[in-house]
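Comments concern the structure below.
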Amino acid sequence: MRDLKEYTIPFIGLKLGEHHFDFIVTNKFFEHFEYDEFINTDIKLDVLLNKKTTLLEFTLDFKGDVGVHCDVTNEPFQQPVEGNYHFIVKFGEEFDDENEDLLIIPHGSYEVNIQQFIYESIILSLPTRRVHPGIENGTLKSDILDKLEELSVKAQNEDIESQEGTDPRWDSLKKLLNDK
4 MRDLKEYTIP FIGLKLGEHH FDFIVTNKFF EHFEYDEFIN TDIKLDVLLN
54 KKTTLLEFTL DFKGDVGVHC DVTNEPFQQP VEGNYHFIVK FGEEFDDENE
104 DLLIIPHGSY EVNIQQFIYE SIILSLPTRR VHPGIENGTL KSDILDKLEE
154 LSVKAQNEDI ESQEGTDPRW DSLKKLLNDK
């Protein structure tokens, strides 16, 4: 996979100390990684680079919204996403990215690409189950929700009990529970 040039930070001419970089992450960024679960993306990313004599410290702070589909109803909604990630870049004999919080780049390097760290930190900050906020507060009206409610086990059990009444065998078992 090729590197995206806009997420490559040249550090060779920078003075020691803190440096800020601002990015806007859009769907084009995620398409580069062949990740197509987002409808639209608008994430503001602030990168803080603290350059020291023997290493580089990066802190990624991001906040924004991604358009996703609800896992229950498949209705689209805007999922807020925010978080931060801290990692260190050191210099060594050869490139090594085995450790998730430490990147080793060869001596003589003059720039570092942080696109993989951005991608992973945003994806991992999303909830594993994406539920439309309208479902949680009861304001979402959807045909799928109506059908799910109709087909739920609880609704079917209530229909059976209302049609037949309760089974007398269960009544005698319930008495055993109450006789404690």
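Note that our numbering has the sequence shown beginning at 4, numbered continuously upward. Beta carbons are placed, not taken as given, at the ideal position from N, Cα and C, and that holds for glycine.
Report the CB separation of residue i from residue j in whole angstroms; it is logged as a contact under 8 Å.
i, j, result
"V69", "T44", "5 Å"
"P79", "I42", "6 Å"
"K54", "H22", "7 Å"
By a C-beta neighbour count over all protein chains shown, 10 Å radius and 16 as the cutoff for buried, is residue i buried or exposed?
i, result
"T11", "exposed"
"S112", "exposed"
"I27", "exposed"
"L19", "exposed"
"D104", "exposed"
"D174", "exposed"
Quick one, which of the options has its alpha-carbon nearest residue i's?
i, options, result
"V75", "L7, E9, P136, S175", "P136"
"L106", "G86, L59, I126, G20", "L59"
"E9", "K31, K18, G95", "K31"
"Y88", "H22, K178, T56, I121", "I121"
"E37", "K177, F61, E114, Q119", "Q119"
Less than 7 Å separating the beta-carbons of residue i and residue j?
i, j, result
"V84", "S128", "yes"
"D49", "D39", "no"
"N116", "D25", "no"
"I108", "F98", "yes"
"K47", "G16", "no"
"F94", "H110", "yes"
"R133", "Q81", "no"
Worksheet item: Considering only residues of the stretch 30–106, which uninterrupted alpha helix (DSSP H) runs meet the minimum length of 4 residues and lie entirely inside it, listed in chain order?
Response: 30–35
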